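K.L.:
First, the structure itself, so that you have it in front of you.
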Amino acid sequence: MALRSIRVDGDEILRKESKPVDKFDRRLEMLIEDMWDTMYDANGIGLAAVQVGVLKQVIVIDTGEEDEQLVLINPEIIAMEGNICEAEGCLSIPGKSGYVNRPETVTVRALDENGKPYTRTGTGLLARCMCHEIDHLHGILYTDKTVDAPEGEKD
Numbered sequence: 016m017a018l019r020s021i022r023v024d025g026d027e028i029l030r031k032e033s034k035p036v037d038k039f040d041r042r043l044e045m046l047i048e049d050m051w052d053t054m055y056d057a058n059g060i061g062l063a064a065v066q067v068g069v070l071k072q073v074i075v076i077d078t079g080e081e082d083e084q085l086v087l088i089n090p091e092i093i094a095m096e097g098n099i100c101e102a103e104g105c106l107s108i109p110g111k112s113g114y115v116n117r118p119e120t121v122t123v124r125a126l127d128e129n130g131k132p133y134t135r136t137g138t139g140l141l142a143r144c145m146c147h148e149i150d151h152l153h154g155i156l157y158t159d160k161t162v163d164a165p166e167g168e169k170d
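The numbering of the sequence shown is this note's numbering, which starts it at 16 and goes up by one.
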C-alpha cells in the first residue's frame, strides 16, 4: 500500500502510551498493510504503530521463520519464562544496538487483524521481538533497558 515515515528517538510520540484498538475497520486494515510495507522496506522484523506516528496498540512481526508472521492488536504478556541477554536494535534508533535482558519464552494474548482473540507463545527471537514491540506501546525503548554486554561478548 504505502510507506510511512518511521519516527526516530527524540520524537515525543515514542514516549507516549498507545490506546487500545476498539474499531476493526478499513482504516485499521490500511494501517496494518502500511506497517507491513514500511517494516519490510526498512529490513525490520517488528514494528509498532507508534513508530509510524499512530498511538494505537498494533504490532506487526515477521522474524523470517515459518509461522512467525504475526499481527498483535491490544497485546498483553500473560506468561514469561527464563532470561537471556542479547543485543537488540530498533528501527527508531537507527545504527545502534545494545544488550537487553528479556525472557526466553513469552506467552502473549492478543487480537488478530479481524478482532479474533488468540494466544501465542514465542521463544528466542520471537519472544524478544514481542517484548520489544509491546514495550513500544507503553513508551519504552530498548535503550531504557540496556545492560553491559555479557562476559565473553565484550570487545
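From the three backbone atoms N, C-alpha and C, an ideal C-beta is built for every residue, glycine too.
These figures come from a predicted structure and were not determined experimentally.
(1) So if DSSP puts MET95 in a beta bridge, which residue, or which two residues, is it bridged to?
(2) Can you give me the Cβ contacts of ASP56 inside the same chain, cut-off strictly under 6 Å, excluding the 5 residues immediately before and after it?
(3) Tell me where the beta strand (DSSP E) around LEU10 begins and ends.
(4) Please list, in chain order, all residues of the same chain as THR161 whose beta carbon is under 8 Å from its beta carbon, the five residues on each side excluded.
(5) Have a look at ARG42 and GLU166 and give me their C-alpha separation to the nearest angstrom.
(6) Flag this pair as yes or no: are the beta carbons of ARG135 and ARG117 separated by less than 8 Å?
(7) Could you compute how far the alpha carbon of GLY61 sits from the alpha carbon of PHE39?
(8) Since LEU46 sits in a beta bridge, which residues does DSSP pair it with?
(9) Report the three-state DSSP secondary structure of ASP77 (helix, strand or coil).
(10) Using the rule of at least 16 other Cβ atoms within 10 Å of the residue's Cβ for burial, across every protein chain shown, is CYS146 buried or exposed?
(11) For the candidate residues ASP163, VAL121, LEU140 and ILE108, whose alpha-carbon lies nearest to that of ASP26?
(12) So which of ALA125, ASP49, LEU140 and GLU101 has the shortest CA-CA distance to ALA64?
(13) Under the three-state reduction of DSSP, which class applies to ILE155: helix, strand or coil?
P.N.:
Considering the structure as presented:
(1) Answer is VAL121, bridged to MET95.
(2) Cβ within range, chain order: LEU18.
(3) No answer is possible for residue 10: the residues shown for the chain start at 16 and end at 170.
(4) Excluding sequence positions up to five before and after THR161, its CB lies within less than 8 Å of the CB of GLY113, TYR114 and VAL115, all in the same chain and listed in chain order.
(5) Rounded to the nearest angstrom, the gap between the Cα atoms of ARG42 and GLU166 is 47 Å.
(6) The answer is no: Cβ separation not under 8 Å.
(7) Rounded to whole angstroms, GLY61 to PHE39 spans 21 Å at the Cα level.
(8) Under the DSSP definition of a beta bridge, LEU46 lacks any partner.
(9) In the three-state reduction of the DSSP assignment, ASP77 falls in the strand class.
(10) By the 10 Å Cβ count, CYS146 comes out buried.
(11) Of ASP163, VAL121, LEU140 and ILE108, the residue nearest in Cα terms is ILE108.
(12) Considering only ALA125, ASP49, LEU140 and GLU101, the residue with the shortest C-alpha distance to ALA64 is ASP49.
(13) For ILE155, the three-state secondary structure derived from DSSP is coil.
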